[in-house]
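J.: Right, I'll just put the structure down here and ask away after.
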Amino acid sequence: MHAPLPGWPTATTVLALEVWDGFSELSYVEIPGPKPSEAQAPARAMTGRLDRRLPNWVVTTDLDTVHRGVAGGGGTPRTEKLLAWHATIAPSLPDQARLLHMHASIPGTTAQTTIDLSTHPMTRRPAVVALRAGTDDADPACASCGPPALPPRQAEQPPGIELDWATPAPQPPSADACLVPDSRRLCVTCRMNAQAVFAAKVPTGPQPDRVIALGAQLGSVFGTELVIPSLAVWPSWFDLRIAGPSSGSWAEVSHALKRAGRWTAHDDHGRFYRGAATGSSSVGVVHKDLTFIPALAADATTLAVEFPSAIDGQGRTASLDLRPEPDSPSR
Ligand SMILES: [Zn+2]
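Heads up: the sequence shown runs through residues 75 to 405, numbered per our numbering.
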């Protein structure tokens, strides 16, 4: 979509609206104000215990339907110069809607932007996912590229009332906290890769250069129907999001930020991009946010996103068509 939100106190840009059965997921980015407070600390952003106010969203259409949303996950750990947010909006949009009026509000402030769906048509097309032969340089001792963490060991002593007081306090979450306990460190390759990606992710302006509506449907992968809805190209990197509605090994991976953190991609000119997971959430839909460097070349027409074999032991490649749909339905 690529629509700024004029009048909002921080530079905020609406990027994409994913329409699922029964609800929609709105993605938007925010350049925080000049004085980021403690409340914007990445760990707290992850848990949603923010003092800063996330907007309530109300979307109205030219069919007079009203759709209300609350901010879901987001925050983008370790990239506090650019915050990526998601909001879940319900109910879903009517098929015949042509205009979306998107209102954001916090007490004392409202802002609005209008999306014309004839110029931003809903996009949906299949993408080919192929198994990839060969192995990558996965390190079995690495929390990112190694196999899944074993489930936490159960206490070997039988539970008893007299033991309750002695239950040790849970460890505080680490900076890159994940919901699945995994004490393994990242291998050098994964660590260096993440450092390079996060170091490059410093915005020079409030908006991406372009947002490509992919609507790529990958079919059933890792136990769920996965989609890559859109791709945002920034001056020195690009972001995409892989989302699915439910379960399977994809859900396990998305519940843990450290898992499957190292990604790669190629375009049709053979240019190589390296990527890292920058966020994940199971609010609304289960998804993983990825950032690749460098910026996507302007003449790339396809992008092959290579799923790390750390997800289920098997490498896969999803081929995405970056060109506009030839006969986009102007719904
Ligand atoms: Zn690794």
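Glycine included, C-beta positions come from ideal geometry on N, C-alpha and C.
Closest by CA to Ala334, which one among Trp324, His340 and Asp341?
T.: Here residue 334 refers to the residue found at position 260 when the sequence shown is read from its first residue. Selected option, being the one with the closest Cα: Trp324.
J.: For Gln466, list the residues DSSP reports as bridge partners.
T.: Only positions 75 to 405 of the chain appear in this structure, which leaves residue 466 out of reach.
J.: Can you tell which of Asp169, Phe381 and Leu205 has its C-alpha closest to the C-alpha of Leu137?
T.: Walking along the sequence shown from the start, residue 137 turns up at place 63. Checked all of Asp169, Phe381 and Leu205; the closest Cα to Leu137 is Asp169.
J.: So is the beta-carbon of Asp395 under 8 Å away from any non-hydrogen atom of ligand 1?
T.: In the sequence shown, counting from the first residue as 1, residue 395 sits at position 321. False, no ligand heavy atom lies under 8 Å from that Cβ.
J.: What do you get for Phe346, buried or exposed, if any count of 16 or more other CB atoms within 10 angstroms of its CB means buried?
T.: Numbered from 1 along the sequence shown, position 272 holds the residue referred to as residue 346. The residue is exposed, with fewer than 16 neighbouring Cβ atoms inside 10 Å.
J.: Do Val203 and Arg390 have their CB atoms nearer than 9 Å?
T.: As a working note, residue 203 is residue 129 in the sequence shown. As a working note, residue 390 is residue 316 in the sequence shown. Result yes, Cβ atoms of Val203 and Arg390 sit closer than 9 Å.
J.: Which residue or residues does DSSP assign as beta-bridge partners of Gln291?
T.: To locate residue 291, count along the sequence shown from 1; it is residue 217. In DSSP, Gln291 forms a bridge with Pro200 and Val301.
J.: What residues in its chain sit with their C-beta under 7 Å from that of Met59, if we drop five residues either side in the sequence?
T.: Coverage of the chain is limited to positions 75 through 405, which leaves residue 59 absent and any answer about it impossible.
J.: Is Glu380 helix, strand or coil when you go by DSSP?
T.: If you number the sequence shown from 1, residue 380 lands on position 306. Glu380: strand per DSSP, three-state reduction.
J.: Just how far apart, CA to CA, sit Phe296 and Asp386?
T.: As a working mapping, residue 296 is identified with position 222 in the sequence shown. As a working mapping, residue 386 is identified with position 312 in the sequence shown. If you take the alpha carbons of Phe296 and Asp386, they lie about 7 Å apart.
J.: From Leu396 to Leu288, what distance separates their C-alpha atoms?
T.: Along the sequence shown, read from residue 1 onward, the residue named residue 396 stands at position 322. Along the sequence shown, read from residue 1 onward, the residue named residue 288 stands at position 214. When rounded, the distance between both Cα atoms is 7 Å.
J.: With 16 other CB atoms within 10 Å as the buried threshold, where does His141 fall?
T.: Residue 141 sits at position 67 when you count from the first residue of the sequence shown. Buried: at least 16 other Cβ atoms inside 10 Å.
J.: Which residue spans inside the segment 304-363 form an unbroken alpha helix (DSSP H) run of at least 4?
T.: As far as the segment 304-363 is concerned, its whole alpha helix (DSSP H) runs of at least 4 residues are 323-328.
J.: Using only the alpha-carbon positions, how far apart do Gly156 and Ala178 sit?
T.: For the purposes of this step, residue 156 is taken as residue 82 along the sequence shown, with counting starting at 1. For the purposes of this step, residue 178 is taken as residue 104 along the sequence shown, with counting starting at 1. According to the sequence provided, residue 156 is Leu. The question's Gly does not apply to it. Approximately 19 Å, taken between the alpha carbons.
J.: Can you name the start and end residues of the alpha helix (DSSP H) that Val262 belongs to?
T.: Here residue 262 refers to the residue found at position 188 of the sequence shown. It spans Val262 to Ala274 - the alpha helix (DSSP H) in which Val262 sits, taken as one unbroken run.
J.: Tell me whether the beta-carbon of Ser310 lies closer than 9 Å to the beta-carbon of Ala369.
T.: In the sequence shown, residue 310 corresponds to position 236, counting from 1. In the sequence shown, residue 369 corresponds to position 295, counting from 1. A contact, by the Cβ cut-off of 9 Å.
J.: State yes or no: is the C-beta of Leu260 nearer than 8 Å to some heavy atom of ligand 1?
T.: Locating residue 260 in the sequence shown gives position 186, counting from the first residue. Leu260 Cβ: within cutoff of ligand 1.
J.: At the level of alpha carbons, what is the spacing between Thr135 and Trp82?
T.: As a first step, residue 135 is located in the sequence shown; it is residue number 61 there, counting from the start. As a first step, residue 82 is located in the sequence shown; it is residue number 8 there, counting from the start. Those two C-alpha atoms are separated by around 21 Å.
J.: For Thr187, count neighbouring Cβ atoms within 10 angstroms of its own Cβ and tell me buried if that reaches 16, exposed if not.
T.: The residue labelled residue 187 in the question sits at position 113 within the sequence shown. Answer is buried; the Cβ neighbour count reaches 16.
J.: Taking all protein chains shown into account, decide if Leu300 is buried (16 or more other Cβ within 10 angstroms of its Cβ) or exposed.
T.: Counting from one through the sequence shown, the residue named residue 300 turns up at place 226. When all chains shown are included, Leu300 counts as buried.
J.: For Thr376 and Trp94, what's the separation of their Cα atoms in angstroms?
T.: For this step, residue 376 is matched to residue 302 along the sequence shown. For this step, residue 94 is matched to residue 20 along the sequence shown. Going from the Cα of Thr376 to the Cα of Trp94 covers about 25 Å.
J.: In three-state DSSP terms, what is Pro83?
T.: Position 9 of the sequence shown, counting from 1, holds the residue named residue 83. Coil.
J.: Could you give the DSSP three-state label for Ala243: helix, strand or coil?
T.: Against the sequence shown, residue 243 aligns to sequence position 169. Note that Ala243 has pLDDT 48, beneath the 50 cutoff, so the model's placement of it is unreliable and no number is given.
J.: When DSSP builds the beta bridges, which residues end up paired with Glu407?
T.: Only positions 75 to 405 of the chain appear in the structure, and residue 407 is not among them; the question remains open.
J.: Using the Cβ count rule (16 or more neighbours within 10 Å means buried), how would you classify Arg199?
T.: On the sequence shown, residue 199 is found 125 positions in, with the first residue counted as 1. Flag for Arg199 reads exposed.
J.: Verify the contact flag: Arg348, CB atom, against every heavy atom of ligand 1, threshold strictly below 8 Å.
T.: Residue numbering aside, residue 348 sits at position 274 when the sequence shown is read from its first letter. Because no heavy atom of ligand 1 lies under 8 Å away, the Cβ of Arg348 does not count as near it: no.
J.: Is Tyr102 near Ala161, with beta carbons less than 9 Å apart?
T.: As a first step, residue 102 is located in the sequence shown; it is residue number 28 there, counting from the start. As a first step, residue 161 is located in the sequence shown; it is residue number 87 there, counting from the start. Cβ atoms of Tyr102 and Ala161: closer than 9 Å.
J.: By how many angstroms is the C-alpha of Pro129 removed from the C-alpha of Ala77?
T.: Numbered from its first residue, the sequence shown carries residue 77 at position 3. Numbered from its first residue, the sequence shown carries residue 129 at position 55. Their Cα atoms are separated by approximately 16 Å.
J.: Have a look at Ser393, Pro280 and Ala306 and flag the residue whose alpha-carbon is nearest the alpha-carbon of Ala339.
T.: Position 265 of the sequence shown holds residue 339. Closest option to Ala339, Cα to Cα, is Ser393.
J.: Using the DSSP secondary-structure output, state which residues sit across from Trp131 in a beta bridge.
T.: As a first step, residue 131 is located in the sequence shown; it is residue number 57 there, counting from the start. According to DSSP, which records beta bridges pairwise, Trp131 is partnered with Gly143 and Ala178.
J.: Report yes if the CB atom of Ala185 is closer than 9 Å to the CB atom of Ile302, and no otherwise.
T.: Here residue 185 refers to the residue found at position 111 when the sequence shown is read from its first residue. Here residue 302 refers to the residue found at position 228 when the sequence shown is read from its first residue. No, the Cβ-Cβ distance between Ala185 and Ile302 is not below 9 Å.
J.: For Pro280, which option in Phe97, Ser98, Pro106 and Glu326 has the closest C-alpha, if you only look at C-alpha atoms?
T.: Locating residue 280 in the sequence shown gives position 206, where the first residue counts as 1. Nearest of Phe97, Ser98, Pro106 and Glu326 to Pro280, Cα basis: Pro106.
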